[in-house]
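Asker: I have a structure here, written as structure tokens, and I will follow up with some questions on it.
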Amino acid sequence: MGEKSEAPSEDFPLVKLVDVHKIYKLGKVEVHALRGVDLEVERGEFVAIVGPSGSGKSTLLNMIGAMDRPTKGKVYIEGQDITAMSDKERARLRLEKIGFVFQQYHLIPWLPAIKSVEIPLMIAGVPPSERRKKAEALLHEVGLGDRMWHKPSELSGGEQQRVAIARALA
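Take the sequence shown: its letter number 76 is residue 286 in my numbering, and every next letter is one higher.
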């Protein structure tokens, strides 16, 4: 979660899940992706989510990242119940506080790296000159200062991943 807004309240865990369930319906079949997950993550804590394919890791991250809603249970970010938020409020939360690096990096094929990193800054209303400086700094930080004008097809998989990381930090 980057430096996207004011300092959070120290009274709450950064992330808290209470009895989170997620059921997907595939025709007549119900898939229980999450069953009663309880989790707390404190500020500064590093957490690894591991498990076999299909065990619910991505579903769990989608809950924490406000990309999906639980079938049952509560998800809190900095003490805010995000399960009670409207779609618009959840989109604002993602813009201001959450950065995702997807398994597939979702880079726009015709945009150079610098433009990809500028997208969340543009959506957040950052002025163009400040946006460019921040995007350049982030690309330098991930070791791509000399590749910022390259399109995804001109970058290795690892370089594309670093563009996605810079974009998530923007």
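Each residue gets a CB set at the ideal place from its N, CA and C atoms; glycine is no exception.
On a predicted model such as this, the values are computed, not experimentally measured, just so you know.
Can you tell me where the beta strand (DSSP E) with LEU244 in it begins and where it stops?
Answerer: In the sequence shown, the residue the question calls residue 244 occupies position 34. In the DSSP assignment, LEU244 falls within the unbroken beta strand (DSSP E) covering 239–251.
Asker: Round the Cβ separation of HIS360 and PRO322 to the nearest angstrom and send it over; I've been treating them as touching at under 8 Å.
Answerer: Along the sequence shown, one-based indexing puts residue 360 at 150. Along the sequence shown, one-based indexing puts residue 322 at 112. That pair is a contact at about 6 Å.
Asker: Tell whether a beta-carbon distance below 8 Å holds between LEU305 and VAL373.
Answerer: By 1-based counting over the sequence shown, the position of residue 305 is 95. By 1-based counting over the sequence shown, the position of residue 373 is 163. No, Cβ-Cβ distance for LEU305 and VAL373 is not below 8 Å.
Asker: Can you tell which of LEU303, ALA376, PRO338 has its C-alpha closest to the C-alpha of LEU354?
Answerer: Counting from one through the sequence shown, the residue named residue 354 turns up at place 144. The alpha carbon of LEU354 has as its nearest neighbour, out of LEU303, ALA376, PRO338, the alpha carbon of ALA376.
Asker: What ranges does the alpha helix (DSSP H) occupy inside the segment 335–368, keeping only unbroken runs of at least 4 residues that lie completely in it?
Answerer: 338–351
Asker: In this structure, how does DSSP classify VAL311 when only helix, strand and coil are distinguished?
Answerer: By 1-based counting over the sequence shown, the position of residue 311 is 101. Three-state result, VAL311: coil.
Asker: Looking only at C-alpha atoms, which of VAL257, GLY237, ILE292 sits nearest to VAL228?
Answerer: Here residue 228 refers to the residue found at position 18 when the sequence shown is read from its first residue. Nearest option by C-alpha distance: ILE292.
Asker: Could you give the distance in angstroms between the alpha-carbon of LYS343 and the alpha-carbon of PRO330?
Answerer: Numbered from its first residue, the sequence shown carries residue 343 at position 133. Numbered from its first residue, the sequence shown carries residue 330 at position 120. The straight-line gap from Cα to Cα measures roughly 14 Å.
Asker: Per DSSP, VAL230 is paired with what?
Answerer: One-based indexing of the sequence shown puts residue 230 at position 20. VAL230 pairs with VAL247.
Asker: Note down, in chain order, each residue of its chain lying with its Cβ closer than 8 Å to the Cβ of GLU255, except the 5 sequence neighbours on either side.
Answerer: As a working mapping, residue 255 is identified with position 45 in the sequence shown. Closer than 8 Å at the Cβ level, and outside the excluded window around GLU255, lie LEU224.
Asker: With a 10 Å radius around its C-beta and 16 neighbouring C-beta atoms as the bar for buried, classify VAL230 as buried or exposed.
Answerer: Within the sequence shown, residue 230 is the residue found at index 20, counting from 1. Its Cβ being crowded by 16 or more others within 10 Å, VAL230 is buried.
Asker: Reducing DSSP to helix, strand and coil, say where PHE285 ends up.
Answerer: Along the sequence shown, read from residue 1 onward, the residue named residue 285 stands at position 75. Residue identity differs from the one stated: residue 285 is Val in this sequence, not Phe. VAL285 sits in a strand when the DSSP states are folded into three classes.
Asker: I need the DSSP call for ASP297, collapsed to helix, strand or coil.
Answerer: By 1-based counting over the sequence shown, the position of residue 297 is 87. Helix at ASP297.
Asker: Taking LEU271 as the reference, give the member of MET332, GLY289, LEU249, LYS298 with the closest Cα.
Answerer: Counting from 1 along the sequence shown, the entry for residue 271 is found at position 61. When each option's Cα is compared against that of LEU271, the closest is LEU249.
Asker: When you compare only the Cα positions, how much space is there between GLY212 and ILE233?
Answerer: Counted from its first residue, the sequence shown places residue 212 at position 2. Counted from its first residue, the sequence shown places residue 233 at position 23. In this prediction, GLY212 scores a pLDDT of 42, lower than 50, which makes its location untrustworthy; no coordinate-derived value is stated.
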